[in-house]
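Chains as they are written, first to last, in the working numbering: chain Z, 85 to 256; chain Y, 85 to 256.
Ideal placement from N, C-alpha and C gives every residue a C-beta, glycine not left out.
Only a predicted model underlies this, so the values are computations on that prediction, with no experimental measurement involved.
Number of protein chains: 2
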Amino acid sequence: MPNLAKQRKAAGKLIEFGMVRHTAEELIHREHADKDEHPLRFQGQGKILLTLAQADGLSQKELATRLNLTAQSTAEFVNKLVKKQLVTKEKSTTDRRKTIIHLTDLGRATAETETAKVPEFLNTLTDTELDQLTTILTKINTSLYDEINTANPTRFDKFQQTVANHIRDWFL
Amino acid sequence: MPNLAKQRKAAGKLIEFGMVRHTAEELIHREHADKDEHPLRFQGQGKILLTLAQADGLSQKELATRLNLTAQSTAEFVNKLVKKQLVTKEKSTTDRRKTIIHLTDLGRATAETETAKVPEFLNTLTDTELDQLTTILTKINTSLYDEINTANPTRFDKFQQTVANHIRDWFL
DNA sequence: CTTTTTAATCAGGTCCCCCTGACTAAAAAT
DNA sequence: ATTTTTAGTCAGGGGGACCTGATTAAAAAG
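Structure, rendered in structure tokens:
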């Protein structure tokens, strides 16, 4: 039987972590407002970029399917990324209905550095703590994968295949 | 000298955690789409709610100051919360320029349950791991507070006073 | 008793995520 | 060869986080 008090304590820390990190990011962000280094969430444009980083050259339809987005939303995000020079669109030669999306060098670099960036706050942890954190997060993530899988197996497949693996490849 | 490989590993897990949690929330969220149980971030309307949960009856100006928002943004968020029946607005009797914001019962309940909610994924952790996680997050949060404090001491005060304490009270 | 400061408001804007509906062009199926 | 399906597009919309500018009402200061 897990100790409820300990759970609550950890839960509180986690929520606090979310809030403090958000605030810290906001501050840093506004300091050098020249570049927008928003930390690439798994959402909208970020979703697209991360997915392409693992599987470049997908069609818009493919992206939409994998990411559980409508074709229109996908088009919107892709177009925004094109404007930011992070991806390119080109018509498929084999099927001229299709639009193939490719990462630009900048796009790839962005996806990589964003993903590979080690936040400064990890510097305060000892090696032992880092190991512990990794172990714990592995368990937590597994649990969340299960949750997703239970709620929506189809989606789980796509998600797992695309981004989870991407992250794993990068770090292990 | 902290092991860079370990840091990278942990960083990857953290990013993965962010993405998986986001996806999981999204799914749960859409299942019972009747209520919108968005997980109350420290942003916009959520910011206001959390702050009021710790200090009810603030004026809009006070809220704006504490949360580093313009009066207009604050008004917008407050009005949205009023529409959702989470807070009420009333003119101050002592200074009729001021509008005092109060949490409704629903608002308080929302703030509390959202904050006090223990995510299911913590069930998979042992007592030892929960302790480890708490210790680690405490260090991380402290580090982030430092970052905020260094970048903007004024803001740090406000932030610390309002929400950090709120969370701490709740869980300890 | 004016002038100035303060708390709020309305109006309008930027950008983000994401969706439905309506419509074209190209490929696949009949 | 015609119908149907598929991939994308445009138009428009809802909600969210913020912001600047202009204006009003009330309190504080001169």
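Of the residues assessed, A193 of chain Z falls on the exposed side of the cut-off, its CB having fewer than 16 other CB atoms within 10 angstroms.
For R125 of chain Y, the closest C-alpha among the options Z:L98, Z:E204, Z:T183 is that of Z:L98.
Distance between A95 of chain Z and S176 of chain Y, taken at the CA atoms: about 37 Å. For L151 of chain Y, the enclosing alpha helix (DSSP H) starts and ends at 144-151. Residue pairing by DSSP puts K173 of chain Y in a beta bridge opposite Y:I185.
Between the alpha carbons of I232 of chain Y and L206 of chain Z lies a distance of about 16 Å. Annotated three-state conformation of V166 of chain Y is helix, per DSSP.
By the Cβ rule, the stretch 147-165 of chain Z does not count as touching the stretch 158-167 of chain Y, because fewer than three pairs are nearer than 8 Å.
Fewer than three pairs of CB atoms, one per stretch, sit closer than 8 Å, so the stretch 169-187 of chain Z makes no contact with the stretch 184-203 of chain Y.
With fewer than 16 neighbouring CB atoms inside 10 Å of its own CB, L190 of chain Z falls in the exposed class. M103 of chain Z and K223 of chain Y have their C-alpha atoms roughly 15 Å apart. Not a single C-beta of chain Z is nearer than 8 Å to the C-beta of N163 of chain Y. Leaving aside the five residues that flank D140 of chain Z on each side, the residues in its chain whose CB is nearer than 7 Å to its CB run, in chain order, H186, L187. With the criterion set as a beta carbon lying under 8 Å from some beta carbon of chain Y, the members of the stretch 93-114 of chain Z are K93, A94, A95, G96, K97, L98, I99, E100, F101, G102, M103, V104, R105, H106, T107, A108, L111, I112, in sequence order.
With contacts defined as CB atoms closer than 8 Å, K201 of chain Z and S143 of chain Z fail to qualify as a contacting pair. DSSP places T135 of chain Z within a helical segment (H, G or I) once states are collapsed to three. Interface with chain Y (8 Å Cβ-Cβ cutoff): Q91 of chain Z is included.
N236 of chain Z: not part of any alpha helix (DSSP H); DSSP gives it neither H nor E. In the structure shown, T178 of chain Z falls within a coil segment according to DSSP collapsed to helix, strand and coil.
Assigned with DSSP and collapsed to three states, L124 of chain Y falls in coil, not helix or strand. In the structure shown, K201 of chain Y adopts coil according to DSSP, grouped into three states.
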